[in-house]
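Residue numbers (this note's numbering): 2 to 51.
Notes to accompany the following structure.
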């Protein structure tokens, strides 16, 4: 949840949702972002400990 947000009594927030608007009493708040695939992405090089 990103402040300032209110979640009413009995409201349910979906797992993994980032809530940015008020969820009134007895409402279900669900957010799902659009998937983005990045072609050619590579893991960052690991730093070696000495």
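Just so it is clear, CB atoms sit at the ideal spot from N, CA and C, and this is done for glycine as well.
The structure displayed is predicted, hence computed values, not measured ones.
What is the DSSP secondary structure of residue i, counted as helix, strand or coil?
i          : result
residue 30 : strand
residue 24 : strand
residue 16 : coil
residue 8  : strand
Between the options, which lies nearest to residue i when the distance is taken from Cα to Cα?
i          : options          : result
residue 34 : 18, 9 and 22     : 18
residue 10 : 4, 16, 30 and 3  : 30
residue 22 : 16, 3, 37 and 15 : 3
Review point. Using 8 Å as the threshold, is the stretch 20-28 in touch with the stretch 42-51, meaning 3 or more CB pairs across them?
Key: No, they do not touch.
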